[in-house]
């Protein structure tokens, strides 16, 4: 279900100019540089034009290995399995119609996790309260491309909508280098250089995300996912 966006502000280039970046451009480049090979993730690229609606749509099959057993328990309880694949053609058409680029890694994640709700448990010592995570890219990205296009310019990477938390205050997006970021009231934050790293941080909340950009306005909360 798509949330009401009436009170949701756009993010103009003038607002981006007033943001506080990370320490310097070299630090941002280091954090968002080309995706490094990581022992927890393996990729098997393949062409799949028919599934995604014609020429130009390509996805990759990604095998996920979770860093923490709690993360494994959460994704399994939500209905994820290594063999899970859903048809995301309608999502791809809708997102690309608005201007988003659906990258191979994003398409693979959505195939495996699309429409799942991850019920994250309270864990002693966690830095933040637990919130359910919903994998619905339309809920994240519909009507929001102008905002995310400005953020793409600010960080130098394309973004694909991915998931949203239950209070509508954190929106997860996949960058074109495979990193995962969260767009929320504290600004744009890096959750991980790979999806398994990012999901592990979202589930375990064992440290704070890395701040990439802070916004010069107070971002309002949006209605809770129904």
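In full-length UniProt numbering, the protein residues as written are 1 to 226. Glycine included, C-beta positions come from ideal geometry on N, C-alpha and C.
Point to revise | Three-state secondary structure assigned by DSSP to residue 69 | key: helix
**Study point:** For residue 195 and residue 177, the rounded distance between their alpha carbons
**Key:** 11 Å
Review point. Is the region 81 to 96 close to the region 118 to 129, with three or more CB pairs under 8 Å?
Key: no
Practice item. Output the distance between the C-alpha atoms of residue 162 and residue 103, rounded to the nearest integer angstrom. Key: 11 Å
Exercise for review: Could you name the residues that DSSP lists as bridge partners for residue 192?
Suggested key: 180
Practice item. List the whole-angstrom C-beta distance separating residue 114 from residue 88, where the pair is believed to meet the contact cut-off of C-beta under 8 Å. Key: 6 Å
Point to revise | Continuous alpha helix (DSSP H) stretch holding residue 113: start and end | key: 104 to 113
Review point. Using DSSP with H/G/I as helix, E/B as strand and the rest coil, what is residue 159?
Key: strand
Practice item. Take the Cβ of residue 127 as the centre, count every other Cβ of all protein chains shown within 10 Å, and call the residue buried at 16 or more, exposed below. Key: exposed
Check your understanding: In terms of DSSP beta bridges, what is residue 173 paired with?
Key -> 161 and 181
Check your understanding: In whole angstroms, what separates the C-alpha of residue 166 from that of residue 183?
Key -> 14 Å
Practice item. Name, in chain order, the residues that DSSP records as bridge partners for residue 134. Key: 117 and 164
Review point. Alpha carbon to alpha carbon, how far is residue 135 from residue 164?
Key: 7 Å
Point to revise | Residue closest to residue 213, alpha-carbon to alpha-carbon, out of 186, 207 and 205 | key: 186
Review point. Quick one: what's got a C-beta closer than 6 Å to residue 193's C-beta in the same chain, skipping five residues either side?
Key: 179
**Study point:** Residue environment, residue 77, which counts as buried when at least 16 other CB atoms sit within 10 Å
**Key:** exposed
Practice item. Counting only the same chain and skipping the five closest in sequence on each side, list residues whose C-beta sits under 6 Å from that of residue 171. Key: 140, 164 and 183
Point to revise | Close-in-space but distant-in-sequence residues of the same chain around residue 132 (CB under 6 Å, 5 per side omitted) | key: 117, 119 and 166
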